[in-house]
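**Student:** Shown below is the structure under consideration.
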Amino acid sequence: MPVIGFLVNPVAGMGGSVGLKGTDGKANEARLLGAVPRAKNRAGITLALLKKIPDLTFLSSGGEMGKAVLEQCGISRYRVVYAARSESTAEDTQEAVRAFIAQGADLILFCGGDGTARDVFAAAGREVPILGIPAGVKMYSAVFAVDPAAAAGVLAGPYGITDGEVVDVDETAYRAGTLATRLYGIARVPAWAGMTQPAKQVFEEADEERAKEEIARFIVEVMLPDTIYILGAGTTTEAIARRLGIKKTLLGVDAVLDGKIVAADADEKTLLSLTGKYPGARIIVSPIGAQGFILGRGSQQISPAVVQNVGVSQVIVIATPHKLRETPELYVDSGDPKIDTGFDASVQVISGYRIAQRKKIHRAL
Amino acid sequence: MQTKILLDEEQIPKKWYNVQADLPSPLDPPLHPQTHKPVGPADLSAIFPMELIRQEVTTDRYVDIPEEVREVFRLYRPSPLYRAHRLEKALKTPAKIYYKWEGVSPAGSHKTNTSIPQAYYNMKAGIERIATETGAGQWGSAMSFATMLYDLECTVYMVRSSYTQKPYRKSMMQVWGAECIPSPSTKTKSGQAVLAKDPDTPGALGIAISEAVEDAASHSNTNYALGSVLNHVCLHQTVIGLECREQLASVDAYPDVVIGCVGGGSNFAGISFPFAGDKLVGKHKDVDILGVEPASCPSLTKGLYTYDFGDEAGYTPLMKMFTLGHDFVPPSMHAGGLRYHGDSPIVSRLVHDGVMRAVAYHQSEVFEAAQTFARAEGIIVAPETSHAVKGAIDEALACKKTGEEKTILFNCTGHGNFDMSAYDAFYSGNLVDYEYPDKLIKEALGRIPKIT
């Protein structure tokens, strides 16, 4: 009997309608501006569908963070394992998730945005898969179902597990007009792409890990001597490092030369100096987040100046077929329009051993 | 306005045309997989009947088609040549498009042109059973049909991804009395080895070939049969081009462009070799011969012209051909019949010498072309065939730009009636445009061990 830890961030999304670009630390201000809580209604859509699945049980927080929504939807098979304070905070979210895991939750279903995803991930880590019901202002993280009904659809059937990046925008900077995202982690999420396909027509790679290994096998085969390879963040680039027998900084950028790390968790300055010193360097990146950003999100160390040093044509994009199925177009928003428009309208993405896919690129305007 | 150009049954060709006779110098010989010395007839006799081995190496310009084989050909040959008036109109092209419709064979494709003589020669040599492989199922069904005609047993190793994707191909083989096994299987050592390394593999033509060859080599009553690549297979397919030349001559035409899709190369060889021969002997120096391959498995356009094995395990002789490497498992695209790492040595040689050329397309654009064709001419072609259709349409559109009234001939090799799931994928937007990352590979090639 699957046990689902269920959590609602009651204030999620409120900042959006009143132009606050996020609700972190701004819930009261949003309320004063007339924002109405909407997370509860969004979660209600998912729960109404999940109610029809007889063998699901829920772990929940008290009050608006869970119990009230479950009751409203007529779900009785739940246990309250955490008592939230009246105005829930980031700490409440984390504490609740810890309590769910302690009580044997198989998956955390949460309703909120990127901020909530960060808090849920901070407690769940890679121990328990998480799935978001989208209700926030920003949802750059690859942990959300496309809509509340889809979240229920995912949980209704057997699902695999894949990686989903948890990214968030710096809201203070965002409110000031700068979009700066950071990669906070890589969560385990239900693989729901297969669910939305009409029928399984092609024998696809069953296993995403296997796909990563095939990509790594190919990249290692074509790596050239005396050449700097800048490896972006993520588990797909990590597979390359693993194949080389070196340790990758999962959330950071590393530089590799002749199979050895020459700069771990490198910053922009280090990358600039390395790419200046070694001509012919390559950048290997994998799309990050739900939108499939290949540059400009999550790996800001690979700055426009670094890309300029290396050359747009030397950027190697890698991604598993699973990831590519979820992202019909890739995005590039390096921060420098000259770099972005240097990309062709489509890019070759390495997706297996000597296999690539042609994907359209959406360039920031 | 004549649409179908038909020949009488009596005009079924009496001889196959062998382009080897007109090559300026002999082909590089196949080499023994262990000794790397040229293979002799004895090396091949464990898996092939002597007559096919003779046809493999002969440089005679013509080889007689046995009357017993022509008798069976009467079931569907001569196949019709169509003038694609409706397609021309839809494209608003001044070009004249002709297509040879090979989908009229009982198995639904050109493959019976060689499965029938191959089964016949094996029967004549006293063989009781054939082991073979199939990619998309076209060859497996063609061989099942042919072995039934001559009372032979037949075991078909079918690439697993196709076996799952196209269950009705397996059903056809069953109707004709053959056994169809998904490959890799546990029946052979080579299959077991692949499964041990990778139990979830989608399989590949190269792996299935290894299994069938091993099966044939380890059973004395069993021979192997290959549906493409080999010289004798290309030879048998020349009935297509020979008929086309007659049919076109009957309306006073000769092609400016001859087009076929290319996996192992046999249908392309079949339609083009008689015209390539005309080109080689100087009769029609300007005929343009175009092979169309998938961007995901582009051996002629992106491969290396070198010696390589024909199969995954390295049981077959080394052949000089365009290859992406025998260890390359092409992605599971819908044109399963074009998923082959190498190419016919003769086709490779002619492309290398500039007698023919090749282009590669992504799968979504070829399905787009297949749709255009189906909506103009009615026929829903196989995904493999759609590559040739795309090549022909692009040539016709080029004529529209230049105003040239070229005569375009293409080989319409088979129907897609068992490939509707591929069309469904096209309409649901789920077709993946696979391609071969040749730039990265070429850069690193110096470091990949050469086969010779």
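Chains as they are written, first to last, in this note's numbering: chain A, 1 to 365; chain B, 1001 to 1452. Cβ atoms here follow ideal geometry from the backbone N, Cα and C, with glycine treated the same way. Note that the structure is a prediction, hence the values are computed from the model and not measured.
1) For R1357(B), which residues does DSSP report across the bridge?
2) If you count every other CB in all the chains shown that lies within 10 Å of the CB of Q421(A), and 16 or more means buried, which is it?
3) N9(A) by DSSP, collapsed to three states: which one?
4) Give the DSSP bridge partners of C1412(B), in chain order.
5) Is there at least one Cβ from chain B nearer than 8 Å to D207(A)'s Cβ?
6) Taking just the CA atoms, how far does A239(A) sit from A216(A)?
7) Would you mind giving the Cβ-Cβ distance between A281(A) and Q308(A), rounded to the nearest angstrom? I have them listed as a contact below 8 Å.
8) Here's the rule: buried if 16 or more other CB atoms are within 10 angstroms of the residue's CB, otherwise exposed. What is T1155(B)?
9) Say whether chain B places a C-beta atom closer than 8 Å to the C-beta of R31(A).
10) Hey, how far is the Cα of A191(A) from the Cα of P129(A)?
11) What is the C-beta distance between A266(A) and Q301(A), in whole angstroms, given that I count them as a contact (C-beta under 8 Å)?
12) At the level of alpha carbons, what is the spacing between R358(A) and G292(A)?
13) Give the straight-line distance between the Cα atoms of R325(A) and R363(A), rounded to the nearest whole angstrom.
14) Please return the same chain residues whose Cβ sits closer than 6 Å to the Cβ of F203(A), not counting the five positions on each side in sequence.
15) Tell me the DSSP secondary structure of G1140(B) in three-state form.
16) Please work out which residues of its chain come closer than 7 Å, Cβ to Cβ, to F58(A), disregarding the five sequence neighbours upstream and downstream, and give them in chain order.
17) V1213(B) by DSSP, collapsed to three states: which one?
18) Would you list, in sequence order, the uninterrupted beta strand (DSSP E) runs of no fewer than 3 residues that lie entirely inside the segment 1230–1272 of chain B?
19) Quick check on the burial criterion: 16 or more other C-beta atoms within 10 angstroms. Buried or exposed for S1171(B)?
20) Buried or exposed: which applies to V1251(B), given that a residue is buried once 16 or more other Cβ atoms fall within 10 Å of its Cβ?
21) Just verifying my parser: in three-state terms, what is the DSSP assignment at P1041(B)?
22) From I316(A) to V154(A), what does the alpha carbon distance come to, in whole angstroms?
23) What in chain D is Cβ-close to R358(A), meaning under 7 Å?
24) Strictly below 7 Å CB to CB, what residues from chain A border F1273(B)?
25) Determine the burial state of L1397(B): buried for a count of at least 16 other Cβ atoms within 10 Å of its Cβ, exposed for fewer.
26) Thinking C-beta only, is F1309(B) closer than 8 Å to T1301(B)?
27) Can you name the residues that DSSP bridges to P134(A)?
28) Pull out every residue of the segment 340–359 of chain A whose Cβ sits closer than 9 Å to any Cβ of chain B, in chain order.
29) Taking 8 Å as the CB-CB limit, is A1444(B) close to chain A?
30) Cα separation between D1064(B) and I1116(B)?
31) Output yes or no for whether 8 Å exceeds the beta carbon distance between P1345(B) and L1027(B).
32) Quick check: is any heavy atom of the ligand SAM less than 7 Å from the C-beta of T162(A)?
33) Determine whether the Cβ of M195(A) lies closer than 8 Å to any Cβ atom of chain B.
34) Show which residues of chain B have a CB atom less than 7 Å away from the CB atom of V222(A).
35) Report the neighbours of R217(A) on chain B: residues whose CB is nearer than 7 Å to its CB, in chain order.
36) Chain B beta carbons: is any one of them nearer than 8 Å to that of R210(A)?
**Tutor:** If we stick to the structure as given:
1) For this step, residue 1357(B) is matched to residue 357 along the second sequence. Per DSSP, L1290(B).
2) Residue 421(A) lies beyond the range of chain A shown here (1 to 365); nothing can be said about it.
3) As a first step, residue 9(A) must be located in the first sequence, where it is residue number 9. Note: N9(A) maps to coil in three-state DSSP.
4) The residue given as residue 1412(B) occupies position 412 in the second sequence. C1412(B) is bridged by DSSP to W1101(B).
5) Taking the first residue of the first sequence as position 1, residue 207(A) is located at position 207. By this cut-off, D207(A) is an interface position.
6) Here residue 216(A) corresponds to residue number 216 of the first sequence, with the count starting at 1. Here residue 239(A) corresponds to residue number 239 of the first sequence, with the count starting at 1. Approximately 6 Å, taken between the alpha carbons.
7) Along the first sequence, one-based indexing puts residue 281(A) at 281. Along the first sequence, one-based indexing puts residue 308(A) at 308. Actually they are not in contact, since the Cβ atoms of A281(A) and Q308(A) sit about 12 Å apart, beyond 8 Å.
8) Position 155 of the second sequence holds residue 1155(B). Classification for T1155(B): buried.
9) As a position in the first sequence, residue 31(A) is number 31, starting the count at 1. No - not a single Cβ of chain B is within 8 Å of the one on R31(A).
10) Looking up residue 191(A) in the first sequence gives position 191. Looking up residue 129(A) in the first sequence gives position 129. Between the C-alpha atoms of A191(A) and P129(A) there is a straight-line separation of about 10 Å.
11) In the first sequence, residue 266(A) corresponds to position 266, counting from 1. In the first sequence, residue 301(A) corresponds to position 301, counting from 1. The C-beta distance from A266(A) to Q301(A) rounds to 6 Å, short enough to meet the 8 Å contact threshold.
12) Counting from 1 along the first sequence, the entry for residue 358(A) is found at position 358. Counting from 1 along the first sequence, the entry for residue 292(A) is found at position 292. C-alpha of R358(A) to C-alpha of G292(A): approximately 14 Å in a straight line.
13) Within the first sequence, numbered from 1, the residue matching residue 325(A) stands at position 325. Within the first sequence, numbered from 1, the residue matching residue 363(A) stands at position 363. C-alpha separation (whole angstroms): 19 Å.
14) Walking along the first sequence from the start, residue 203(A) turns up at place 203. For F203(A), the predicted structure reports a pLDDT of 38, less than 50, and the residue's modelled location is therefore unreliable. A value from the coordinates is still provided. Hits under 6 Å: none found.
15) In the second sequence, the residue the question calls residue 1140(B) occupies position 140. Correct three-state label for G1140(B): helix.
16) Start at 1 with the first residue of the first sequence, and residue 58(A) comes out as number 58. Residues of the same chain with a CB within less than 7 Å of the CB of F58(A), apart from the 5 flanking positions on each side, are I4, F6, L70, I75, R77, Y78 in chain order.
17) For the purposes of this step, residue 1213(B) is taken as residue 213 along the second sequence, with counting starting at 1. Here V1213(B) sits in helix by DSSP.
18) The segment 1230–1272 of chain B contains these whole beta strand (DSSP E) runs: 1257–1261.
19) The residue given as residue 1171(B) occupies position 171 in the second sequence. Label assigned to S1171(B): exposed.
20) As a first step, residue 1251(B) must be located in the second sequence, where it is residue number 251. Counting Cβ neighbours within 10 Å, V1251(B) comes out exposed, since fewer than 16 surround it.
21) Locating residue 1041(B) in the second sequence gives position 41, where the first residue counts as 1. Note: P1041(B) maps to helix in three-state DSSP.
22) Counting from one through the first sequence, the residue named residue 316(A) turns up at place 316. Counting from one through the first sequence, the residue named residue 154(A) turns up at place 154. If you take the alpha carbons of I316(A) and V154(A), they lie about 32 Å apart.
23) The chain labelled as chain D is not found among the protein chains of the depicted structure, namely A and B.
24) Against the second sequence, residue 1273(B) aligns to sequence position 273. Going along chain A, no residue has its Cβ under 7 Å from F1273(B), so there is no contact; the nearest lies around 30 Å.
25) Here residue 1397(B) is taken as the residue at index 397 of the second sequence, counted from 1. Burial call: exposed.
26) As a first step, residue 1301(B) must be located in the second sequence, where it is residue number 301. As a first step, residue 1309(B) must be located in the second sequence, where it is residue number 309. No, the Cβ-Cβ distance between T1301(B) and F1309(B) is not below 8 Å.
27) Taking the first residue of the first sequence as position 1, residue 134(A) is located at position 134. Among the bridge pairs identified by DSSP, P134(A) is matched with G112(A).
28) Correct list: S346, Q348, I350, S351, G352, Y353, R354, I355, A356, Q357, R358, K359.
29) If you number the second sequence from 1, residue 1444(B) lands on position 444. At least one chain A Cβ lies under 8 Å of A1444(B).
30) If you number the second sequence from 1, residue 1064(B) lands on position 64. If you number the second sequence from 1, residue 1116(B) lands on position 116. One C-alpha to the other measures close to 14 Å.
31) Start at 1 with the first residue of the second sequence, and residue 1345(B) comes out as number 345. Start at 1 with the first residue of the second sequence, and residue 1027(B) comes out as number 27. Yes, they are a contact pair.
32) The model depicted lacks the ligand SAM and carries no ligand whatsoever.
33) As a working note, residue 195(A) is residue 195 in the first sequence. Residue placement at M195(A) cannot be trusted, given a pLDDT of 40 that sits under 50; what the coordinates show is reported in the next sentence. Closer than 8 Å: no.
34) Numbered from 1 along the first sequence, position 222 holds the residue referred to as residue 222(A). In chain order: L1440, I1441, E1443, A1444.
35) The sequence position of residue 217(A) within the first sequence is 217, counting from 1. For R217(A), none of the residues of chain B pass the 7 Å Cβ criterion, the least Cβ distance being about 11 Å.
36) Position 210 of the first sequence, counted from the start, is the residue given in the question as residue 210(A). Residue-level contact by beta carbon holds for R210(A) and chain B, with a gap shorter than 8 Å.
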